[in-house]
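Student:
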Amino acid sequence: MAYQTLDTLRFDNRFIHELPADPETENYCRQVMRACYSLVKPAKVSEPQLIAYSKEVAEILNLTGKECESSDFAQVFSGNRILKGMSPYATCYGGHQFGHWAGQLGDGRAINLGEVINQQGERWALQLKGAGQTPYSRRADGLAVLRSSIREFLCSEAMFHLGVPTTRALSLTLTGEQVIRDMFYDGNPKLELGAVVCRVAPSFTRFGNFQIFSARGEIDVLQQLVDYTILTDFSHLGKPSPEIYLKWFHEVCQRTAELIVHWMRVGFVHGVMNTDNMSILGLTIDYGPYGWLDDYSPAWTPNTTDSEGRRYCFGNQSQVAHWNLAQLARAIYPLIQQAEPLQSILDSYTEEYESGWRKMMSRKLGLNAFDSSDEALVTELLAILEFVETDMTIFFRQLALIDAEVESPFSMDGTMPMEPVMDAYYQPAQLTYDNVNRINNWICSYIERVRCDGTSNKTRRIRMNSVNPNYVLRNYMAQLAIDKAEHGDSSMVSELLELLRYPYDERSENQKYAVKRPEWARNRPGCSMLSCSS
Ligand code: AMP
Ligand code: MG
């Protein structure tokens, strides 16, 4: 395969060539009508400095490591230099935020550079996050700080390696600028380091991109965007027509269901599942106050803004996705004019999610398939995970170590069946006699169930360890990397990027990252509490 230099990247920028533009090219905040995007240039920054880049994403774009380490690269991906063929723009979208229609939102601090066609003929849109104000910035500065940029950069790549659909991150660059942020909106603003992440995805289109036109009654523009999306990102569906719109909506529902099943598998909480943060391709998009479950707790949300209502907590994610899909259905209804087929597709989301979730749970348990009798086994499992603080990641990894080939799980020396999962408990002393009995009983039922399948320990362990990660980007790990980087040492960003390339492996040198969250991180801001301020 031929490598490219920055100057030979091939852009075709179909989005702006085929969709209606905002005729105004001055960069000031406004309502943008009847347009999918506004042309806008990234702000110039004083001292771009590359912190990290993803070699896998560079490879997608056919760029060598040497090219990524060049000073030109930092100039381009901090927004200082626009390459030949790039045509920067911000898109117009709306959205429901926390259940309420918020009107026009748009790329307020994201600037698309254009779409590259790589050597394999794939289309990849490049987008800078934190590159300055756009017509959609409302009252904000369009910038991003280092802390949230590190979180987005690392988590995008971690999700990819976990096998979770996601937007990608090419690079993380310091801008040399300072940005003011009140991290917890509590009257304590602070100067922070400015940074830019270059995100990469086949498309960044969100549910909200369709909603805005429907809400404004701009149905012809809505149709243009839907047709464009089908022809560009869903071309396998065929030529756009009302029938194809339904097929398309069905596929969006399926992809969304698959996405949420993945989040539930790895213990990821998005934190802000507003309709403007829902990708039409079913990708994880907009890494803000997201978090990873340490202890299994369906009501947990990392987002302090949502701590009252817990609308976006771990256990609600599937229902919220369904609600968001219903908003998308409403938005595209004018193109279809029939409620019944849209409703029945929407209903199928629930079935698809549930069957996907069951399949995923059976894989997490190393079973051949999900039998109807497994309903009780899984329900009891979810109950025992909530008795006392139980680390979800460690529990499933350790469960693979249970010996299902023994005659009797209760050994003569008094070792309990649950012994291998003891590592997952934060406060084992809090387990009551009844809790311990129920956990031991569950492990015995589990062993019996595995024996029914006739799977060997070895096969089961390989299966389980390929879907139950050993390393995830625990909130405290990202925070430690941030603390160091804010003091000029970005080595831990690189270390975590490397660690998370192989999340299912076990490497002795990385053992320190396969353990429970340390006690100091329990209530520390950034580790257990995050906000949208970024
Ligand atoms: P988010 O909560 O990050 O998904 O953002 C919601 C909306 O606010 C989007 O339209 C963002 O582009 C916009 N936004 C968030 N932060 C900023 C910022 N610092 N400057 C301008 N717009 C922003
Ligand atoms: Mg967003």
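Under numbering that gives the first Met the number 0, the residue at position 485 of the sequence shown is numbered 484, and the numbers go up by one with no gaps. All C-beta atoms, glycine included, are put in the ideal place defined by N, C-alpha and C.
In whole angstroms, give me the CA-to-CA distance for valine 220 and tyrosine 244.
Tutor: Roughly 15 Å separates the two Cα atoms.
Student: Between Tyr501, Gln253, Thr431 and Met528, which has its C-alpha nearest asparagine 474's C-alpha?
Tutor: Looking at the Cα atoms, Met528 is the closest of the given residues.
Student: Hey, out of Lys128, Pro288 and Glu114, whose CA is closest to alanine 477's CA?
Tutor: The residue with the shortest Cα to Cα distance from alanine 477 is Pro288.
Student: With glutamine 126 as the anchor, note down where its beta strand (DSSP E) starts and where it stops.
Tutor: Element bounds for glutamine 126: 122-128.
Student: What number of angstroms, rounded off, separates the C-alpha of alanine 42 from the C-alpha of glutamine 342?
Tutor: So the two alpha carbons sit approximately 44 Å from each other.
Student: How is the alpha helix (DSSP H) around asparagine 474 delimited, first residue to last?
Tutor: Start and end: 474-485.
Student: Cutting at 6 Å between CB atoms, please list the residues of its own chain near glycine 193, excluding the five before and the five after it.
Tutor: For glycine 193, where only same-chain residues beyond five positions count, the Cβ hits under 6 Å are Leu142, Thr174, Glu176 and Val178.
Student: Considering only heavy atoms of the ligand MG, does any lie closer than 7 Å to the CB of lysine 276?
Tutor: Reading off the sequence shown, one finds asparagine at residue 276, where the question assumed lysine. It does: the Cβ of asparagine 276 is within 7 Å (strictly closer) of some heavy atom of the ligand MG.
Student: Grab the span of the alpha helix (DSSP H) containing leucine 495 for me, first residue to last.
Tutor: Start and end: 490-498.
Student: Verify whether the separation of the beta carbon atoms of glycine 131 and asparagine 12 is less than 8 Å.
Tutor: No, these two residues do not count as a Cβ contact at 8 Å.
Student: Specify the secondary structure class of isoleucine 211 as computed by DSSP and reduced to three states.
Tutor: Helix, per DSSP.
Student: Taking 7 Å as the cut-off, is the C-beta of aspartate 71 nearer than that to any heavy atom in the ligand MG?
Tutor: Not so, every heavy atom of the ligand MG lies at least 7 Å from the Cβ.
Student: Quickly, what does DSSP pair phenylalanine 10 with across the bridge? List them, please.
Tutor: Val115.
Student: Quick one: what's methionine 179 bridged to in DSSP?
Tutor: Here residue 179 is isoleucine; the residue named in the question, methionine, does not match the sequence. Beta-bridge pairing links isoleucine 179 to Leu190.
Student: Along the chain, where does the beta strand (DSSP E) that runs through isoleucine 229 open and close?
Tutor: Taken as a continuous stretch (DSSP letters only), isoleucine 229 belongs to no beta strand (DSSP E), being part of the alpha helix (DSSP H) at 218-232.
Student: Kindly list the residues whose CB is nearer than 7 Å to the CB of threonine 4, restricted to its own chain and excluding five residues on each side of it in sequence; keep chain order.
Tutor: Glu66.
Student: Can the beta-carbon of tyrosine 332 be found closer than 8 Å to that of valine 319?
Tutor: The answer is no: Cβ separation not under 8 Å.
Student: Would you say isoleucine 383 and tryptophan 441 are within 8 Å of each other, going by their C-beta atoms?
Tutor: Yes, they are a contact pair.
Student: With H, G and I counted as helix, E and B as strand and the rest as coil, what does DSSP make of valine 144?
Tutor: Reduced to three states, the DSSP call for valine 144 is strand.
Student: On a CA-only basis, which of Cys35, Phe97, Tyr424 and Val492 is nearest phenylalanine 212? Give me that one, please.
Tutor: When each option's Cα is compared against that of phenylalanine 212, the closest is Cys35.
Student: Can you confirm whether the segment 324-339 touches the segment 422-437 when touching is taken to mean that 3 or more C-beta pairs between the two stretches lie within less than 8 Å?
Tutor: Cβ pair count under 8 Å is below three, so no.
Student: Measure the alpha-carbon distance for lysine 246 versus serine 234 and round it to whole angstroms.
Tutor: Each residue's Cα considered, the two are about 12 Å apart.
Student: Just to confirm before moving on: does the CB-CB distance between valine 39 and threonine 133 stay below 8 Å?
Tutor: Yes.
Student: If we ignore side chains and look at the alpha-carbon of each, how far apart do glutamate 55 and isoleucine 218 end up?
Tutor: Straight-line Cα distance between these residues: approximately 40 Å.
Student: Where does leucine 341 fall in DSSP's three states?
Tutor: Note: leucine 341 maps to helix in three-state DSSP.
Student: From Gly162, Leu169 and Asn464, pick the residue whose C-alpha is nearest to that of glutamate 151; which is it?
Tutor: Comparing Cα positions, the closest option is Leu169.
Student: Does the segment 410-426 come into contact with the segment 362-370, if we say contact requires no fewer than three beta-carbon pairs (one atom in each stretch) closer than 8 Å?
Tutor: The segment 410-426 is not in contact with the segment 362-370.
Student: Would DSSP call serine 37 helix, strand or coil?
Tutor: Three-state DSSP puts serine 37 in a strand.
Student: Flag aspartate 504 as yes when its Cβ comes closer than 7 Å to any non-hydrogen atom of the ligand MG, and as no otherwise.
Tutor: For the ligand MG, not one heavy atom lies less than 7 Å from the Cβ of aspartate 504.
Student: Less than 7 Å between the CB of aspartate 285 and some heavy atom of the ligand MG, yes or no?
Tutor: Yes.
Student: List the DSSP bridge partners of glycine 290.
Tutor: Glycine 290 pairs with Val268.
Student: Below 7 Å, is the gap between the Cβ of cysteine 531 and the nearest heavy atom of the ligand AMP?
Tutor: True, at least one ligand heavy atom lies under 7 Å from that Cβ.
Student: Counting pairs of beta carbons, one from the segment 107-126 and one from the segment 70-90, are three or more of them closer than 8 Å?
Tutor: In short, these stretches touch, since the Cβ pair count reaches three.
Student: Where are the alpha helix (DSSP H) runs, 4 residues long or more, that stay fully inside the segment 55-104, in chain order?
Tutor: Fully enclosed alpha helix (DSSP H) runs of 4 or longer: 64-67 and 70-75.
Student: Does any heavy atom of the ligand AMP sit closer than 7 Å to the C-beta of tyrosine 475?
Tutor: Incorrect: tyrosine 475 has no Cβ contact closer than 7 Å to the ligand AMP.
Student: Does the ligand AMP have even one heavy atom less than 7 Å from the beta-carbon of alanine 42?
Tutor: Incorrect: alanine 42 has no Cβ contact closer than 7 Å to the ligand AMP.
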